[in-house]
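Student: Residue numbers (the numbering used here): 10 to 530.
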Amino acid sequence: MEVGSQSLLDHGRPETLLSFSSRRHLPVILQTEAAECGLVCLAMIAGFHGYDTDLTSLRRRFNISSHGTNLKTLVDMAARLHLAGRALRLEMESLEELQLPCVLHWDMNHFVVLKSVKRNVVIIHDPAVGERELTSEMFAKHFTGIALELMPTEDFKPGEERQHLKLRHFWSGISGLKRSLSQVLILSLLLQLFAVVAPFYVQTVVDDVILRGDDSLLLVLAIGFGLLLVIQAGTSVLREWVILHISSRLNVQMAANLFRHLIRLPMSYFSTRHMGDVVSRFGSLNKVRELLTTGLVSAVVDGIMAMITLAAMFFYDIRLTLIVLLAVFLYASLRLLFYRPLRLLTEEEIVAQARHDSHFMESMRAIQTVKLFQRENDRQSQWHNYLVDVINKDIRITRWNISYNVVNRLLFGLENLLVIYFAALAVMGDVFTIGMLYAFMSYKNRFVQSMDTLVAKWIELKMLGLHMDRLSDMVFTKAEVIGGDMTGLRILTRLSPCKEKLKCTILPFGMVKRRCQFFKI
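1) Report the option in 79, 42, 171 whose CA atom is closest to the CA atom of residue 55.
2) For the alpha helix (DSSP H) that contains residue 405, what are its first and last residues?
3) Just how far apart, CA to CA, sit residue 448 and residue 426?
4) Could you name each continuous beta strand (DSSP E) segment of 3 residues or more that falls completely within the stretch 84-164, going from the start of the chain to the end?
5) In the DSSP assignment, find the unbroken beta strand (DSSP E) run with residue 169 in it and report its ends.
6) Could you check how far apart the C-beta atoms of residue 113 and residue 152 are, in whole angstroms? I think they sit under 8 Å.
7) So for residue 254, helix, strand or coil by DSSP?
8) How is the beta strand (DSSP E) around residue 62 delimited, first residue to last?
9) Closest to residue 80 by CA distance: which of 240, 100, 154, 147 is it?
10) With a threshold of 7 Å on Cβ separation, who are the neighbours of residue 388 within its own chain once the five nearest residues in sequence on each side are excluded?
11) Can you name, in chain order, every residue of its own chain whose Cβ lies under 7 Å from the Cβ of residue 259, other than the five neighbours on each side?
12) Residue 241: which of 270, 434, 257, 207 sits nearest, CA to CA?
13) So, residue 49 versus residue 35, is the Cβ gap smaller than 8 Å?
14) Take residue 294 as the anchor and find which of 417, 247, 264 has the nearest alpha-carbon.
15) If we cut at 8 Å on Cβ distances, does residue 91 have a partner in chain B?
16) Starting from residue 301 and walking both ways along the alpha helix (DSSP H), at which residues does that stretch end?
17) According to DSSP, which residues form a beta bridge with residue 225?
18) Rounded to whole angstroms, how far is the Cβ of residue 139 from the Cβ of residue 351, which I believe are closer than 8 Å?
19) How close, in whole Å, do the beta carbons of residue 130 and residue 198 come, if the pair is a contact with beta carbons under 8 Å?
20) Per DSSP, which one or two residues make a beta bridge with residue 74?
21) Apply the 10 Å Cβ neighbour rule to residue 328 and answer buried if 16 or more other Cβ atoms are within range, or exposed otherwise.
22) Hey, residue 322 and residue 456 are a contact pair by Cβ (cut 8 Å); roughly how many whole angstroms apart?
23) Would residue 123 and residue 136 be called neighbours here (beta carbons separated by less than 8 Å)?
24) Assign residue 486 to one of three DSSP states: helix, strand, or coil.
25) Whose C-beta lies closer than 6 Å to the C-beta of residue 158 among residues of the same chain, with five residues either side of it excluded?
26) When burial is assigned at 16 or more other CB atoms within 10 Å of the CB, is residue 276 buried or exposed?
27) Between the stretch 39-48 and the stretch 268-287, are three or more C-beta pairs nearer than 8 Å?
28) Label residue 167 either buried or exposed according to how many other C-beta atoms from any shown protein chain fall within 10 Å of its C-beta, with 16 as the threshold for buried.
29) Go ahead and label residue 437 buried or exposed: buried means 16 or more other beta carbons lie within 10 angstroms of its beta carbon, across all protein chains shown.
30) Just to confirm before moving on: does the CB-CB distance between residue 308 and residue 466 stay below 8 Å?
31) Please classify residue 325 as buried or exposed, where buried requires at least 16 other C-beta atoms within 10 Å of its C-beta.
32) In or out: residue 441 buried (at least 16 other Cβ within 10 Å) or exposed?
33) Is the separation between the beta-carbon of residue 450 and that of residue 212 shorter than 8 Å?
34) Closest by CA to residue 485, which one among 52, 57, 46, 66?
35) Looking only at C-alpha atoms, which of 435, 428, 439 sits nearest to residue 454?
36) Considering just the uninterrupted stretch of the alpha helix (DSSP H) at residue 293, what are its terminal residues?
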């Protein structure tokens, strides 16, 4: 990016502006195109002040050059968003006096957003990589000394301007999907009902058969529940076949529709994006398909089963059930607490992986040029840096997951300990039988498992917004109109100043001998 005109720069110390608003959140938005870091910074600061927008909407309003944005253009664009720009030249010692968040000029060719300054630590939102935490020494190596404060004017109005890609956009054009999903739902409910009946078998055997020594009742129970087991296995196989059928149809139709749109996007879409990023965005379609085929049905089934098993648990003992409910509530709260950082880290990992894949594919595609100019070591070094970046992102995600798993094990371990303790007291007080204890523990485990799956699907549904946002960049980009019967021969005839008839011989790609010859041009 170019530094804007000097008339915009104020060499004085920035004043501290008053703000009486409540605590707000600065979003992390990653750039999609190579030269839109300034636009991304505007989107993040506008979002901080309450104007939620996406890059697709901003691209329609502002025509960004492929060479990027300078400071003057950034101020002009901010004014159209009703944000007053105040450009400053300052030293490192004056960072804490800036009205945050603000835009910083970075590495002489980039813009970032300054989030906070705390002692020797500076936190920025980099449109290229996400949130970064830097020491003052590292920060000084990149900061050029130019900042842009952006504050809402009196015409600024909080609101939302973004195009949301909904799940209905995917299933609306697929025939027979609702009927197939209904079949999966019914079969899944049957499987869960079989699981509900199973604890009665254990309770009856322990309380009636063993205590009375009734061999005939034991035989009847074994045969009856054995038949249920066979029916359950058959239902499970049928359900998997239906899911396979739905998944295959969805995969073909959704991928074909998206590729049809992708191949018709203008050349500017591909020239401003890395190849790996386009491939990664197209791959996000798999997450949507998985949720449509199994995720939604599983969430509905687990929700119903959770209510049924919860009712059965209340029938056995209210106090024990409340202990389990408290543990599940804390578990759901914990998952929600970990959601935001994991979503941000997942997005950063996807972008880093796409950048790594782009470099690999471009290296393989240009291997002849690389060898011709003897640039193998340079490409290897760059690839290694991208790989390390991906691994570092994965390490951060794994650290969060380790922390979550430890807390989760402690939570449900304590819950199981308390339930067994109070249930044993109930057995010793003749409130429970041993068979009832086995049955309650079975229902409790079933309830916890159902709620675990339900909460996980809920988080997946929220996390799906990440993939929907990545797909929306592709889906909401206007495709070129392909019309007429403009064949290759007609195109060449119009472009070639030949007087005689043009003849073109092209052998299909993939044959041993490939050539394209033009005669009498």
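Even for Gly, the Cβ is constructed at its ideal location relative to N, Cα and C.
It should be emphasised that the depicted structure is a prediction, and the values quoted were computed from it without experimental measurement.
Tutor: Taking the coordinates as given:
1) 171
2) 385-437
3) 17 Å
4) 92-98, 111-115, 119-127, 130-135, 139-144, 152-161
5) 168-170
6) 6 Å
7) helix
8) 60-62
9) 154
10) 372, 379
11) 183, 298, 301, 302
12) 207
13) no
14) 264
15) The question asks about chain B, but that chain is absent: this structure has only one protein chain.
16) Counting along the chain, residue 301 falls outside any alpha helix (DSSP H), and DSSP gives it neither H nor E.
17) Beta-bridge pairing links residue 225 to no other residue.
18) 13 Å between Cβ atoms; not a contact.
19) So it is not a contact: roughly 53 Å between Cβ atoms.
20) 77
21) exposed
22) 6 Å
23) no
24) coil
25) 95, 108, 111
26) exposed
27) yes
28) exposed
29) exposed
30) yes
31) buried
32) buried
33) no
34) 66
35) 428
36) Neither: residue 293 is in no alpha helix (DSSP H) and is coded neither H nor E.
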